[in-house]
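Residue numbers (my numbering): 122 to 287.
The beta-carbon is built from N, C-alpha and C at its ideal position, and this holds for glycine as well.
What follows is a single structure, written as structure tokens, with notes after it.
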């Protein structure tokens, strides 16, 4: 007759904990690897904003992808004036620095879109350049959950382009 061994509950618990730990490490590693390009872009943008845009401090980053790609960096210049640096991602990294007071704020741009389009969800609002002008691009989902874009002129908030129901 065969004698059955009893499994120790400690051993089963240890195996389950190791499997759970392995899953957590795998998820964290995957998320870290997925975020790495964006963190590298942010690091590059901050460096370019300081060197080419002469920003003293950097406090925010976003990326615009229109006809060309741009990094938008929020910060202050040497006189502690709040500014935005809009940096072309091409090899020359042309940088346009505009005072925050010279145009509409992110909040005003969002309010214009909310009052006009009543989106169900705003995905992002970022600065970029369109036809040589600094613009706000608001990306959102409308009430039918279709992707939409509004491009507003930075200086006065007038609508330049609208793409609906993608």
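>> Tell me which residues share the same chain as residue 249 and place their Cβ nearer than 7 Å to its Cβ, disregarding the 5 neighbours each side in the sequence.
In response: Closer than 7 Å at Cβ, skipping near neighbours: 185, 187, 191, 193, 207, 256 and 258.
> For the 8 Å Cβ check, are there 3 or more pairs between the segment 148-157 and the segment 174-184?
Replying inline: no
> Where does residue 233 fall in DSSP's three states?
Replying inline: helix
>> Relative to the C-alpha of residue 197, which candidate in 209, 223, 228 and 179 has its C-alpha closest?
In response: 179
> How is residue 130 classed by DSSP in three states: helix, strand or coil?
Replying inline: helix
> If we ignore side chains and look at the alpha-carbon of each, how far apart do residue 161 and residue 283 end up?
Replying inline: 31 Å
> Hey, would you say residue 264 sits closer than 8 Å to residue 286, going by beta carbons?
Replying inline: no
>> What would DSSP say about residue 218, mapped onto helix, strand or coil?
In response: strand
> Do you know how far the Cα of residue 136 is from the Cα of residue 221?
Replying inline: 56 Å
>> I need the straight-line Cα distance from residue 253 to residue 189, nearest angstrom please.
In response: 11 Å
> Nearest-angstrom Cα distance between residue 139 and residue 131?
Replying inline: 12 Å
> Opposite residue 257 in the DSSP bridges: which residues?
Replying inline: Answer by DSSP bridge pairing, in chain order: 248 and 273.
> So which of 236, 277 and 143 has the shortest CA-CA distance to residue 224?
Replying inline: 277
> Residues in its own chain within less than 8 Å of residue 203 by CB, not counting five upstream and five downstream?
Replying inline: 195, 196, 197, 220, 221 and 222
> Under the DSSP definition of a beta bridge, which residues are partnered with residue 209?
Replying inline: 191
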